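First the structure, in the form of structure tokens, and then the observations on it.
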């Protein structure tokens, strides 16, 4: 039996619905709920937490059926986008807040705060206030505040959306490390592909309130299966011989001998090479990534571009999708 089971949960809102969502998580694993903004990820997370109730279906956490149980009785930790640290409390008091609310002795609180602070390497921040520490430090304090309560599951709703990319990468490594070190089960909501694939032991892709695809990150990336997921992952979607296929930008090669053509819409340099946007004759738009600029591209916007699906010496690596 999985440590967390979400069984066929549904809820109807005035203009949206969560429809028959199911997934499982093993103890100590991270599951990422991935999808576009407005797809229903946060609604699902709130139902798992007990902040909202589903109309039907069951939720099992650590062997307990928590269906209908209020959030305070589910033993879950919550970290949302705004982190919700108390600005008038220093880091120590923020971390200790939940323990004090449950009337732990101060000696026990001190030991627990000290232990989790060492684990998250924030001992030097305990006397500081949220307004005086960095975004990454706030993330660690928020994690400590949740983890000090020893939750069965930690629920994280896009907590890194306001961080710059470099710091975000550091925090991703930190989250994965903490999960492994503490055996902490986590559901992590994100609309960022890199976050979802890097963090997840398993990934659930949500669209329009439904589970479209679930599996290991490698499976999701290598075989998206649906057009929506393929586009979300950054694949081009082309119609070839009346079949839709998903193609990576680096698997398309500009060539005078190409059998597909389109009109150049624009291009720009991105460090590892150039990103080139082309409008195909059938109206589909694609992106091509290339280390060097082909002479036809240099001619400028509006130029007719021929290209082929690059086989890299072997069979073309396109994926059929529905």
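Numbering (my numbering), first residue to last: 7 to 328. From the three backbone atoms N, C-alpha and C, an ideal C-beta is built for every residue, glycine too. The structure displayed is predicted, hence computed values, not measured ones.
Cβ-based burial, residue i [other Cβ within 10 Å; buried from 16]
{"i": "residue 15", "result": "buried"}
{"i": "residue 276", "result": "exposed"}
{"i": "residue 258", "result": "buried"}
{"i": "residue 8", "result": "exposed"}
{"i": "residue 236", "result": "buried"}
{"i": "residue 44", "result": "exposed"}
{"i": "residue 215", "result": "buried"}
{"i": "residue 164", "result": "buried"}
Three-state class that DSSP yields for residue i in the structure shown
{"i": "residue 13", "result": "strand"}
{"i": "residue 260", "result": "strand"}
{"i": "residue 205", "result": "helix"}
{"i": "residue 69", "result": "coil"}
{"i": "residue 44", "result": "coil"}
{"i": "residue 281", "result": "strand"}
{"i": "residue 218", "result": "strand"}
{"i": "residue 21", "result": "coil"}
{"i": "residue 88", "result": "coil"}
{"i": "residue 242", "result": "strand"}
{"i": "residue 320", "result": "Since pLDDT at residue 320 reaches only 37, below the 50 mark, its modelled position is unreliable, and the value read off the structure follows with that caveat. In the structure shown, residue 320 sits in coil (DSSP, three-state: anything other than H, G, I, E or B)."}
{"i": "residue 134", "result": "coil"}
{"i": "residue 185", "result": "helix"}
{"i": "residue 129", "result": "helix"}
{"i": "residue 105", "result": "helix"}
{"i": "residue 174", "result": "helix"}
{"i": "residue 83", "result": "strand"}
{"i": "residue 273", "result": "strand"}
{"i": "residue 161", "result": "strand"}
{"i": "residue 28", "result": "strand"}
Close beta carbons around residue i, own chain, < 7 Å, minus the five adjacent residues each side
{"i": "residue 281", "result": "273, 274, 293, 295"}
{"i": "residue 255", "result": "242, 293, 294, 295"}
{"i": "residue 310", "result": "267, 269"}
{"i": "residue 167", "result": "87"}
{"i": "residue 157", "result": "81, 82, 83"}
Neighbourhood of residue i by C-beta distance below 6 Å, restricted to the same chain and skipping five residues each side
{"i": "residue 322", "result": "Because the pLDDT of residue 322 is 41, which lies under 50, any placement of that residue in the model is unreliable, and the number read from its coordinates should be weighed accordingly. Taken in chain order, the residues that qualify are 315."}
{"i": "residue 207", "result": "35, 36"}
{"i": "residue 299", "result": "280"}
Residues that residue i bridges to, as DSSP identifies them
{"i": "residue 61", "result": "DSSP, once it has assigned bridges, lists no residue as partnering residue 61."}
{"i": "residue 309", "result": "Residue 309 is not bridged to any residue."}
{"i": "residue 296", "result": "280"}
{"i": "residue 115", "result": "DSSP lists no partner for residue 115."}
{"i": "residue 286", "result": "268"}
{"i": "residue 150", "result": "BP columns for residue 150 are empty, so no partner."}
{"i": "residue 120", "result": "Answer is none; residue 120 lacks a bridge partner."}
Beta-carbon proximity check, residue i vs residue j, cutoff 8 Å
{"i": "residue 196", "j": "residue 38", "result": "yes"}
{"i": "residue 85", "j": "residue 12", "result": "no"}
{"i": "residue 101", "j": "residue 114", "result": "no"}
{"i": "residue 75", "j": "residue 202", "result": "no"}
{"i": "residue 220", "j": "residue 29", "result": "yes"}
{"i": "residue 209", "j": "residue 226", "result": "yes"}
Residues near residue i in its chain [Cβ-Cβ closer than 8 Å; skip 5 each side]
{"i": "residue 79", "result": "56, 72"}
{"i": "residue 128", "result": "97, 143, 146, 147, 150"}
{"i": "residue 106", "result": "115"}
{"i": "residue 204", "result": "178, 182, 223"}
{"i": "residue 99", "result": "92"}
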